[in-house]
Amino acid sequence: YIVMLREGQVSLKGNPAELQNQGVFNKVLAELESSEDKKEAVDAKGKGKDAEQATLIADVLDEGDPSKSVNDMTSEDEYNLRRLKKIAEQRGLDPDGDLSVLQGTLVEDEERESGYVKSEVWLTYLMASGGKWFWIISFTLLTVCQLSLVLQDYWIRIWVASTSNDDVLVGEHMSASSSLTSAVMPGSLWSALSAPMAALRASMPICNLNSSSLGTLSTTSSSEQQHHSAVYWISIYVVIGVVSVIWRVIQMWFVYSGAIRAARSLHSRLMHRVVRATPRFFDSTPLGRIINRFSRDMYTIDDSTMDTIVWWSGDILAVLSVLAIITAVTPKFILVAAVVSLLYIGIAYYYLNTSRELKRLESTSMSPLLSLFGELILGVSTIRAFGAKHFYIKEALNRINAHNQPSYLMWATTSWLSMRIDFAGAIVSFACALFILTSLDWLDAGLAGFVLSYALTFSERMLWAIRNYSDSELNMNAIERISQYLNVEQEATLLATPENKPPSDWPKTGSVQIEDLVVEYVPGVPVLYGLSLAAEHGEKIGVVGRTGAGKSTMSLAFLRFIEAAQGRILLDNVDIAKIGLEELRRKVTIIPQDPVLFNGTIRFNLDPFSEYPEELVWDALKRAHLVRERGSQTTSTATSVYNGDDNANEVGMERMSGIFTGLDAKIKENGQNLSLGQRQLVALARALVRRSRLIIMDEATASVDFDTDDRIQRTIRGAEFANSTLFCIAHRLRTIIDYDRVLVLDKGKAAEFDTPWNLLQREGGIFRSMCEKSGEYEHLVATAQRKSQLATTSASIQ
Numbered sequence: 001y002i003v004m005l006r007e008g009q010v011s012l013k014g015n016p017a018e019l020q021n022q023g024v025f026n027k028v029l030a031e032l033e034s035s036e037d038k039k040e041a042v043d044a045k046g047k048g049k050d051a052e053q054a055t056l057i058a059d060v061l062d063e064g065d066p067s068k069s070v071n072d073m074t075s076e077d078e079y080n081l082r083r084l085k086k087i088a089e090q091r092g093l094d095p096d097g098d099l100s101v102l103q104g105t106l107v108e109d110e111e112r113e114s115g116y117v118k119s120e121v122w123l124t125y126l127m128a129s130g131g132k133w134f135w136i137i138s139f140t141l142l143t144v145c146q147l148s149l150v151l152q153d154y155w156i157r158i159w160v161a162s163t164s165n166d167d168v169l170v171g172e173h174m175s176a177s178s179s180l181t182s183a184v185m186p187g188s189l190w191s192a193l194s195a196p197m198a199a200l201r202a203s204m205p206i207c208n209l210n211s212s213s214l215g216t217l218s219t220t221s222s223s224e225q226q227h228h229s230a231v232y233w234i235s236i237y238v239v240i241g242v243v244s245v246i247w248r249v250i251q252m253w254f255v256y257s258g259a260i261r262a263a264r265s266l267h268s269r270l271m272h273r274v275v276r277a278t279p280r281f282f283d284s285t286p287l288g289r290i291i292n293r294f295s296r297d298m299y300t301i302d303d304s305t306m307d308t309i310v311w312w313s314g315d316i317l318a319v320l321s322v323l324a325i326i327t328a329v330t331p332k333f334i335l336v337a338a339v340v341s342l343l344y345i346g347i348a349y350y351y352l353n354t355s356r357e358l359k360r361l362e363s364t365s366m367s368p369l370l371s372l373f374g375e376l377i378l379g380v381s382t383i384r385a386f387g388a389k390h391f392y393i394k395e396a397l398n399r400i401n402a403h404n405q406p407s408y409l410m411w412a413t414t415s416w417l418s419m420r421i422d423f424a425g426a427i428v429s430f431a432c433a434l435f436i437l438t439s440l441d442w443l444d445a446g447l448a449g450f451v452l453s454y455a456l457t458f459s460e461r462m463l464w465a466i467r468n469y470s471d472s473e474l475n476m477n478a479i480e481r482i483s484q485y486l487n488v489e490q491e492a493t494l495l496a497t498p499e500n501k502p503p504s505d506w507p508k509t510g511s512v513q514i515e516d517l518v519v520e521y522v523p524g525v526p527v528l529y530g531l532s533l534a535a536e537h538g539e540k541i542g543v544v545g546r547t548g549a550g551k552s553t554m555s556l557a558f559l560r561f562i563e564a565a566q567g568r569i570l571l572d573n574v575d576i577a578k579i580g581l582e583e584l585r586r587k588v589t590i591i592p593q594d595p596v597l598f599n600g601t602i603r604f605n606l607d608p609f610s611e612y613p614e615e616l617v618w619d620a621l622k623r624a625h626l627v628r629e630r631g632s633q634t635t636s637t638a639t640s641v642y643n644g645d646d647n648a649n650e651v652g653m654e655r656m657s658g659i660f661t662g663l664d665a666k667i668k669e670n671g672q673n674l675s676l677g678q679r680q681l682v683a684l685a686r687a688l689v690r691r692s693r694l695i696i697m698d699e700a701t702a703s704v705d706f707d708t709d710d711r712i713q714r715t716i717r718g719a720e721f722a723n724s725t726l727f728c729i730a731h732r733l734r735t736i737i738d739y740d741r742v743l744v745l746d747k748g749k750a751a752e753f754d755t756p757w758n759l760l761q762r763e764g765g766i767f768r769s770m771c772e773k774s775g776e777y778e779h780l781v782a783t784a785q786r787k788s789q790l791a792t793t794s795a796s797i798q
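In our numbering, the protein residues as written are 1 to 798.
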């Protein structure tokens with residue numbers, strides 16, 4: 001059996017078969033489907049630009065024919081069509097194409113760069129770590145450390161060569177250096193070279209080491225070297241090693257001080273930019289993306305970004321050292337070095353292009369996972385109540401797999417790189433050994449072992465040079481993602497210039513003048529268009545209008561969450577656009593539909609900076625009907641704070657009625673231990689504590705029960721707000737029917753603005769039509785008439 005209610009009356013009833021025969025069933029289904037289309041287009045939690053655009057897109061759908069698209073609008077929708085085209089242009093779409101694609105794109109996709117990391121990203125980190133001179137000193141220290149390592153190895157070569165005599169045969173000299181060479185040479189290569197070297201031992205005497213072809217690589221004569229004992233050689237080697245360690249410690253301390261400086265600087269800048277971002281940023285950015293920047297990306301900057309840069313730089317110096325040493329000893333090797341360098345460049349090109357994009361995919365796939373985790377934590381009770389845990393477990397596993405896929409492929413590309421680098425390194429080692437064998441007529445065993453040992457490390461050094469450079473680019477992806485948030489649009493300055501600073505007692509009366517106000521989310525598409533009105537001291541203004549008319553936009557304009565494109569708002573004859581945001585927002589109070597409460601005491605939530613005496617805070621709780629009056633009876637079991645369990649030992653708030661009995665009563669995050677009505681009353685108490693001259697209520701009673709609504713309205717109409725100017729965006733007409741005046745917004749303009757009684761007298765008026773459709777028309781008329789009579793009587797007495 002189907003019953004359809006409309007405007008408080010039964011408009012349709014019967015079983016499906018009867019309705020089908022009457023021909024009205026399809027019409028009902030069409031209306032419901034059209035309504036559902038609208039619901040999907042509007043994000044219930046969205047505010048600001050996305051909410052306004054969602055509402056606009058939904059409103060242009062033809063309710064009578066759900067088959068019509070956004071493109072099927074008639075001439076009467078030209079205003080909305082122009083706005084839709086502007087939104088399409090803003091999103092990079094064809095304004096003359098199918099505008100229905102605007103639905104479902106309210107949250108922007110996460111940005112992901114492609115190609116090489118831009119130089120600006122590198123520069124961001126380099127400047128954050130200390131600037132030009134920091135990196136000049138760092139690379140100087142790193143170069144000295146690398147030279148000290150080469151000097152250590154070369155000193156071993158001199159030491160080995162000092163044990164030779166001028167009249168020794170090649171075979172004896174080879175034997176003297178075999179222990180050093182075999183220690184650094186793979187067994188297979190040593191076995192391969194032992195046969196040709198044995199053939200040379202009996203026929204080729206060693207030449208004098210002072211050959212002019214070695215230049216600076218020559219050693220002192222053996223006759224001079226025989227005067228030094230082993231202690232001498234060991235002492236020099238130890239001194240070189242100690243100096244090398246000291247230089248390394250200084251270099252690492254200096255470099256990591258820059259790493260800490262960079263992490264602190266980037267985190268501070270990121271925090272400042274996100275906190276000072278416009279509401280538009282938070283409307284279009286899921287929380288998981290923001291958390292990803294502050295968690296994983298910042299961890300990458302803290303943990304490994306500087307490491308990979310330093311390691312890569314060290315590996316590059318090591319590779320250059322190897323090439324310089326081998327080329328100096330065997331100049332023919334430069335031809336092989338050129339060929340191998342081209343081979344390495346080709347390998348690195350493919351590896352870097354692949355690993356860079358895989359890292360970006362891995363980073364962007366983490367944000368949906370973090371978002372889902374946050375949603376699961378907040379909605380775990382709802383998920384259990386609906387038995388939907390298996391669905392969310394499956395969704396979590398899918399997102400984990402999506403995150404792990406690029407991670408697995410990154411490891412696969414690393415194995416691909418390692419195999420090819422080893423192949424190229426084998427070519428280098430083979431060429432070096434071949435050139436050494438062809439140079440034995442002038443090359444001594446110590447120098448040959450020194451060069452060959454470096455050639456064997458060339459492959460590993462080149463592998464880590466490419467991998468660490470790749471890791472540096474991958475870590476720069478974190479800088480790249482953070483840099484995106486370092487450029488988000490910011491709000492205006494917090495403090496005004498001295499010439500625009502308002503008086504300390506501003507505002508005194510709370511009078512408001514709005515002059516030709518134009519507010520835009522998208523340039524050229526106004527949401528409020530030429531709005532003008534004036535509100536006197538202590539006047540109560542109700543604001544009503546259809547969805548998307550600009551009611552919430554007007555409230556945001558009062559607090560400058562959205563800056564006016566044209567016109568101005570004067571509060572006590574002071575243009576709010578010229579003063580600082582901190583000065584403005586401390587003087588204006590807003591009571592939102594979903595108030596935000598913090599984990600702590602009720603005192604902290606009402607007065608977080610301890611600016612007001614306890615008596616005033618307690619009085620605000622009483623006036624907001626949150627304190628039990630004296631003489632009320634309470635039972636011993638109704639004096640605990642509800643915290644989600646059965647613990648009844650915390651004194652502070654009555655469990656059943658939610659009445660506070662002390663300023664130290666505990667409130668959980670977002671007021672989880674309070675009902676929605678109680679949270680609204682706490683927000684009302686905040687306004688009472690601050691005693692602002694201008695109060696904005698943005699549908700504060702739309703989701704509360706009638707009893708809580710009645711409490712709030714009694715407080716508003718009482719002496720507590722007698723000296724405050726109030727703008728109340730109303731969902732229930734009965735809450736504003738006895739206000740001083742009512743503002744009716746339509747398509748961003750003030751369609752009607754007068755007393756409720758005068759508006760009800762207008763035939764065909766928008767406000768009267770809304771009252772007639774509310775189902776409470778007689779009650780609303782009687783209340784408005786009574787308010788008008790009281791106002792007339794009061795005016796005649798004065």
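C-beta: ideal position from N, C-alpha, C; glycine also.
Beta-bridge partners of residue i, as assigned by DSSP
i: G600; result: I667
i: V519; result: L528, A564
i: C728; result: G542, M697
i: V512; result: A535, L571
i: T589; result: I695
i: S752; result: In the sequence on display, residue 752 carries Glu and not Ser. DSSP, once it has assigned bridges, lists V744 as partnering E752.
i: K13; result: V3
i: Q490; result: A277
i: V627; result: F660
Residue of the options minimising C-alpha distance to residue i
i: S532; options: G538, M252, A564; result: A564
i: K587; options: K508, N599, L343; result: K508
i: R360; options: G446, I309, L474, G748; result: L474
i: Q593; options: A549, L676, R568, R623; result: L676
i: G580; options: L570, Y521, Q566, K501; result: K501
i: M127; options: I479, N673, Y612, L378; result: I479
i: V566; options: L12, V518, V544, G600; result: It is worth fixing the name first, because residue 566 is Gln in this sequence and not Val. Nearest option by C-alpha distance: V518.
i: I514; options: A535, S119, I240, S365; result: A535
i: T278; options: Y485, S504, I234; result: Y485
Limits of the beta strand (DSSP E) - the one that residue i falls within
i: V742; result: 741 to 746
i: Q672; result: That residue, Q672, is in no beta strand (DSSP E); it is neither H nor E in DSSP.
i: S355; result: No beta strand (DSSP E) holds S355; the alpha helix (DSSP H) holding it covers 333 to 378.
Per-residue burial, residue i [other beta carbons within 10 Å of its own, 16 or more giving buried]
i: I2; result: exposed
i: F281; result: buried
i: L443; result: buried
i: L61; result: Note that L61 scores a pLDDT of 40, beneath 50, so its modelled location is shaky; the value from the coordinates is reported in the next line. Buried.
i: A609; result: The question names Ala, yet the displayed sequence has Phe at residue 609. Looking at its Cβ environment, which holds fewer than 16 other Cβ atoms inside 10 Å, F609 is exposed.
i: Y810; result: The requested residue 810 does not occur in the structure, where the chain is confined to residues 1 to 798.
i: M419; result: exposed
i: H800; result: Not covered by the structure: residue 800. The range shown for the chain is 1 to 798.
Span of the alpha helix (DSSP H), counted from its first residue to its last, around residue i
i: Q789; result: 777 to 797
i: V329; result: 305 to 329
i: W233; result: 230 to 275
i: V428; result: 389 to 437
i: W442; result: W442 -> no alpha helix (DSSP H), and no H or E assigned at all.
i: K578; result: From DSSP, K578 is part of no alpha helix (DSSP H); its letter is neither H nor E.
i: L287; result: 287 to 292
i: G677; result: 676 to 690
i: K773; result: 766 to 773
i: L558; result: One point to set straight first is that residue 558 is Phe, not Leu, in the sequence displayed. Taken as a continuous stretch (DSSP letters only), the alpha helix (DSSP H) holding F558 covers 551 to 558.
i: E120; result: 119 to 129
i: T708; result: 706 to 717
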